[in-house]
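First up is the structure itself, then whatever we jot down about it.
Protein chains: 2
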Amino acid sequence: MSGRLTIAGLGPGAEDLVTPEVRAALATATDIVGYIPYVARIAPRPGLTLHPSDNRVELDRSRHALEMAAAGRQVVVVSSGDPGVFAMASAVFEAVEAAPEYLSLDIRVLPGITAMLAAAAAAGAPLGHDFCCINLSDNLKPWELVEHRLRLAAQADFAMAFYNPRSKSRPHQFARALEILRAECGSARLITFARAVTTPEQAIRTVTLGEATPEMADMRTVVLVGNAATKRLGPWVYTPRSAGGVV
Amino acid sequence: MSGRLTIAGLGPGAEDLVTPEVRAALATATDIVGYIPYVARIAPRPGLTLHPSDNRVELDRSRHALEMAAAGRQVVVVSSGDPGVFAMASAVFEAVEAAPEYLSLDIRVLPGITAMLAAAAAAGAPLGHDFCCINLSDNLKPWELVEHRLRLAAQADFAMAFYNPRSKSRPHQFARALEILRAECGSARLITFARAVTTPEQAIRTVTLGEATPEMADMRTVVLVGNAATKRLGPWVYTPRSAGGVV
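Those protein sequences? They're chains A and B, same order as listed.
Numbered as in the working numbering, the first sequence ends at 253 without a single skipped number.
Numbered as in the working numbering, the second sequence ends at 253 without a single skipped number.
Right under this line is the structure:
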């Protein structure tokens, strides 16, 4: 049997959000590669080798997965959420670009439920109109680019989803992001902090930008910001489908 | 048994992309409500009533679903893709806002694989960096707002996903969108037309903006536009995880 590399999304946490397509790929895998907490979601079984690795070694992990697939293994690289949204798919293609002999491999990408959509569903429908999705970490891009995108996104009146809003190593940037958003969108704009979505620790909290503090987010939080029309409705927050003219 | 309203995403088309969570909701439903082609995906069974309805009657459909849930039925409103992305979740909340007595109902939203993520997975990883998601239809917003958002999204160097790029009733607007993108992003920028993703008719085609023509899209197409760093790699198209400064 020839090797295959599958890059699969496990969804945000709940097992009943793993697609049957991904479940089938996991069932026939010989090797699972990924960040420690995501590999920990895979049940051990005879014939399956788990290869957990630390954060921020995405290229090493990708090379290892490609080597094993080239050697005939059935390798699944697992990401949380969707592999194409701030996850392993781009990292694997970067590794392939650096070693193009791997282009002859059987590679496939299997989508998953990304955190912002699970968070939006838990909150109501805050992304029900045009929106953007920004990784707030400056690990792989300059912080000034994040600020530039926040301003333009606000001027476009996009609803927004933020991944990796805040970490211990960069506690101040999210405070700056909130400042920019307050300046651009006003203090009454709604913001939802969705922590550990679809897990037993799920916590959803919607406040105004005026009430929001940096401590409301951590690395397990996805942050959703409404557009100018986003409103509360009982326990829900939702963005109407229609919009007026250019603000 | 008291009534419940579930707003569920069926994913882009393939049955193995329907989450187990949604499958379980469908299995215990008494009534399925939705646009004709989506309801047609649900297998009939004793005790289940299917309520297909035409396009552009989202509010009527939502009211009908709410009425049945209030009468004690187990109602599932189905959308293609994810219900929170240009689909039924916002429409149901609009109907609840107009009749707030329904706020006491048991309502839940179940996420699904939205078309842009399935399209991105089939193409490689074109949305692997910050991106935005725009509905190109001017059915519910003025066209000038679409143009405004396209320009700002290009200036933010977002990758982009477009839903509803083109229909028979508005054949010229997508040509205008391509003009704006060529002016803002240059003719070499990559654009992917993903038609009928995850169905037997799936067709993925990546060209440059200079080569793109309006006829490459129809209402079954999701269009993905790369950012300045998006590149081809053999049969794949992908966006690197890292980015430089403000362009």
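Ideal placement from N, C-alpha and C gives every residue a C-beta, glycine not left out.
For B:L230 against B:P148, the beta-carbon gap comes to about 24 Å, at or over 8 Å, which does not count as contact. Exclusion of the five residues before and after A:R172 leaves L142, Q179, F180, P220, A223, D224, M225 and T227 as the residues of its chain whose Cβ lies within less than 8 Å of its Cβ.
One alpha carbon belongs to A:P52, the other to B:V24, and they sit about 28 Å apart. Rounded to the nearest whole angstrom, the C-alpha separation of B:G40 and A:A128 is 21 Å.
Under DSSP, B:I197 shares a beta bridge with B:V213 and B:V231.
The alpha-carbon separation between A:F137 and B:E64 amounts to approximately 21 Å.
Residue-level contact by beta carbon holds for B:P148 and chain A, with a gap shorter than 8 Å. Residue ranges of uninterrupted alpha helix (DSSP H) with 4 or more members, entirely inside the stretch 46-84 of chain B and ordered along the chain, are 64-76.
Under the Cβ criterion of 8 Å, B:Y41 is not counted among the residues facing chain A.
For B:A35, no CB of chain A lies under 8 Å from its own CB, so it is not counted at the interface with that chain. A straight line joining the alpha-carbon of A:M166 with that of A:R247 spans about 15 Å.
Within a 10 Å sphere around the beta-carbon of B:V213 sit fewer than 16 other beta-carbons, which makes this residue exposed. Of the residues A:C139, A:H135 and A:E207, the one whose Cα lies closest to the Cα of B:H135 is A:C139. Buried is the label assigned to B:D163, since at least 16 other Cβ atoms lie within 10 Å of its Cβ. For B:Y108, DSSP records no beta bridge to any residue.
Taking A:A160 as the centre and dropping the five residues before and after it, the same chain places the C-beta of L187, E190 and C191 closer than 7 Å to its C-beta, in chain order. In the displayed model, A:F92 falls within coil according to three-state DSSP, outside both helix and strand.
Between A:I48 and A:L32, the C-beta gap is smaller than 8 Å, which places the two residues in contact. Excluding its 5 nearest sequence neighbours in each direction, B:D88 has C-beta neighbours in its own chain below 6 Å: G15, P117, G118 and T120, listed in chain order. Under the 8 Å criterion on CB atoms, A:Y244 is classed as interfacial with respect to chain B. The shortest C-alpha to C-alpha distance from A:T205 to any of A:G9, A:S8, A:G17 and A:R10 is the one to A:G17. Of all residues in the stretch 98-121 of chain A, the ones placed with a Cβ closer than 9 Å to any Cβ belonging to chain B are V98, F99, E100, V102, E103, P106, L109, S110, I113, R114, V115, L116, P117, G118, I119 and T120, in chain order. Between the beta-carbon of B:A76 and that of B:L109 there is about 11 Å, and that puts the pair past the 8 Å contact cut.
Ranked by how close their Cα comes to the Cα of A:I42, the residues A:P50, A:D60 and A:E153 have A:D60 in first place. Proximity to B:S68 across B:I113, B:L123 and B:T34 peaks at B:I113, based on C-alpha coordinates. By the Cβ neighbour-count rule, A:S175 is exposed, with fewer than 16 other Cβ atoms within 10 Å of its own. Assignment of beta-bridge partners to B:N141 by DSSP yields B:Y169.
Along the stretch 68-91 of chain A, the positions whose C-beta sits under 9 Å from a C-beta of chain B are D88, P89, G90 and V91, read in chain order. Of the residues B:E73, B:A93, B:M122 and B:S86, the one whose Cα lies closest to the Cα of B:P106 is B:E73.
Between A:A235 and A:A218, the gap from beta carbon to beta carbon reaches 8 Å or more. Distance from the CA atom of A:P50 to the CA atom of A:G78, rounded to whole angstroms, is 20 Å.
Judged by their CB atoms, B:T198 and B:V243 are nearer to each other than the 8 Å cut-off. Contact between B:V115 and B:A71 does not hold, since the beta-carbon distance rounds to 13 Å and is not under 8 Å. Neighbours of A:A159 in chain B, taken as residues whose beta carbon is under 7 Å from its own, are A162 in chain order.
Sorting A:Q80, A:M94, A:G130 and A:F92 by C-alpha distance to the C-alpha of B:S96 places A:G130 at the top. In this structure, B:R195 sits near B:G232, with a CB-CB distance shorter than 8 Å.
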